[in-house]
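Okay, structure first, notes after.
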């Protein structure tokens, strides 16, 4: 039996096989090691994309998280790694006491990292940007959340954030109302009629027919639904809309006064702006023809 094992060992060595049936590529003893081609990992983010690779929440007055320090740490770590990665700002509406910050958004992939301390910047760059691995301790996953992955919203604090500047907060307000508008039980007037009227005002603003009176009506209805409704459903349903109006009023005014969507999301307003630009281009030609 021992002799048979010796013969088998010599046979394996002679054929250049390993015990697992694969050829031994190490070569004879003393020979120069052969260089093996290493597979290059695919880039986590496209440097030529229109959207930034990652974004960090913009600190507001009274902010208690380390958003500014996290951004600086990420920029330094990315520079050391030599990555062609742009660090942008997430569109953040926050009173300074959110539960999720500081957070990092990945617009090209559509997810967030929450509660990321500045000292974790090197790990984020090394594991996620370089190796393409998700860090689950930071990943924004909640069984209670059923809304878009490019939005962060906290009912407890009113935080409302978009993953980057391509998110339109007026469209986000309509998105939440589309979801909540049909869920009211209808037992109290503030919720039954308030939700419907608020949806109508936001819809008019989104399509370019809104007025300042619509914006004022959203605020009045929101306050009434918070104070006078029978249950907390009305308050919870209007909270994201009130956050959008409070923190991103300039976007609502751009939709109303200029008929312009800064994010380029609202299709009706994009069409209006295209027609306006076309008329401006054609106006000088029309004047020349008249002369």
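Residue numbers (the UniProt record's numbering): 1 to 291.
Cβ atoms here follow ideal geometry from the backbone N, Cα and C, with glycine treated the same way.
Values in this document were obtained by computation on a predicted structure and should not be read as measured data.
Helix, strand or coil: how does DSSP classify residue 41 here?
-> Here residue 41 corresponds to residue number 41 of the chain shown, with the count starting at 1. For residue 41, the predicted structure reports a pLDDT of 41, less than 50, and the residue's modelled location is therefore unreliable. A value from the coordinates is still provided. Three-state DSSP puts residue 41 in coil, outside helix and strand.
Report yes if the CB atom of residue 114 is closer than 8 angstroms to the CB atom of residue 103, and no otherwise.
-> Along the chain shown, read from residue 1 onward, the residue named residue 114 stands at position 114. Along the chain shown, read from residue 1 onward, the residue named residue 103 stands at position 103. A contact, by the Cβ cut-off of 8 angstroms.
Could you tell me whether the Cβ atoms of residue 206 and residue 91 are closer together than 8 angstroms?
-> On the chain shown, position 206 is the one that residue 206 refers to. On the chain shown, position 91 is the one that residue 91 refers to. Not closer than 8 angstroms, so no.
Compare the beta carbon distance of residue 230 and residue 187 with 8 angstroms and say whether it is the shorter of the two.
-> Taking the first residue of the chain shown as 1, we reach residue 230 at position 230. Taking the first residue of the chain shown as 1, we reach residue 187 at position 187. Yes, these two residues count as a Cβ contact at 8 angstroms.
Any alpha helix (DSSP H) of 4 or more consecutive residues that is wholly inside the segment 53-78 | none
Could you give the distance in angstroms between the alpha-carbon of residue 55 and the alpha-carbon of residue 225?
-> Within the chain shown, residue 55 is the residue found at index 55, counting from 1. Within the chain shown, residue 225 is the residue found at index 225, counting from 1. Residue 55 and residue 225: Cα-Cα distance of roughly 34 angstroms.
Identify the residues that DSSP records as bridge partners of residue 113: which are they?
-> As a position in the chain shown, residue 113 is number 113, starting the count at 1. Answer by DSSP bridge pairing, in chain order: 104, 139.
Rounded C-alpha distance that separates residue 284 from residue 278 | For the purposes of this step, residue 284 is identified with residue 284 of the chain shown, where counting begins at 1. For the purposes of this step, residue 278 is identified with residue 278 of the chain shown, where counting begins at 1. Distance between the alpha carbons of residue 284 and residue 278 is about 11 angstroms.
Span separating the alpha-carbon of residue 177 from that of residue 196 = For the purposes of this step, residue 177 is identified with residue 177 of the chain shown, where counting begins at 1. For the purposes of this step, residue 196 is identified with residue 196 of the chain shown, where counting begins at 1. If I take the Cα positions, the gap works out to 9 angstroms.
Considering only residues of the same chain and omitting the five flanking positions on each side of residue 70, which have a CB-CB separation below 8 angstroms?
-> To locate residue 70, count along the chain shown from 1; it is residue 70. Only 56, 102, 104, 116, 117, 118, 121 meet the Cβ criterion.
Do residue 191 and residue 233 have their C-beta atoms within less than 8 angstroms of each other?
-> Residue 191 sits at position 191 when you count from the first residue of the chain shown. Residue 233 sits at position 233 when you count from the first residue of the chain shown. Cβ atoms of residue 191 and residue 233: closer than 8 angstroms.
Which value, in whole angstroms, describes the spacing of the CA atoms of residue 269 and residue 257?
-> Your numbering for residue 269 matches position 269 in the chain shown. Your numbering for residue 257 matches position 257 in the chain shown. Their Cα atoms are separated by approximately 12 angstroms.
Go ahead and pull the three-state DSSP assignment for residue 273.
-> Taking the chain shown and counting its residues from 1, one reaches residue 273 at position 273. Helix.
Tell me where the beta strand (DSSP E) around residue 247 begins and ends.
-> Taking the first residue of the chain shown as position 1, residue 247 is located at position 247. For residue 247, there is no enclosing beta strand (DSSP E); the residue is part of the alpha helix (DSSP H) that begins and ends at 232-247.
Apart from the five residues just before and just after residue 94, which ones in its own chain have a Cβ nearer than 6 angstroms to its Cβ?
-> What you label residue 94 is simply residue 94 of the chain shown in a count that begins at 1. 60, 159, listed in sequence order.
What whole-angstrom Cβ distance do residue 204 and residue 157 have, given they're in contact under 8 angstroms?
-> The count along the chain shown starts at 1 and reaches residue 204 at position 204. The count along the chain shown starts at 1 and reaches residue 157 at position 157. No, residue 204 and residue 157 are not in contact; Cβ-Cβ is about 29 angstroms, not under 8 angstroms.
Does the beta-carbon of residue 132 have 16 or more other beta-carbons within 10 angstroms, so that it is buried, or is it exposed?
-> Locating residue 132 in the chain shown gives position 132, where the first residue counts as 1. Exposed, because fewer than 16 other Cβ atoms sit within 10 Å of the Cβ of residue 132.
Neighbour-count burial assignment, residue 150, 16 or more Cβ in a 10 Å radius = The sequence position of residue 150 within the chain shown is 150, counting from 1. With 16 or more Cβ atoms within 10 Å of its Cβ, residue 150 is classed as buried.
Can you give the Cα-Cα distance for residue 47 and residue 63, rounded to whole angstroms?
-> Position 47 of the chain shown, counted from the first residue, corresponds to residue 47. Position 63 of the chain shown, counted from the first residue, corresponds to residue 63. Each residue's Cα considered, the two are about 31 angstroms apart.
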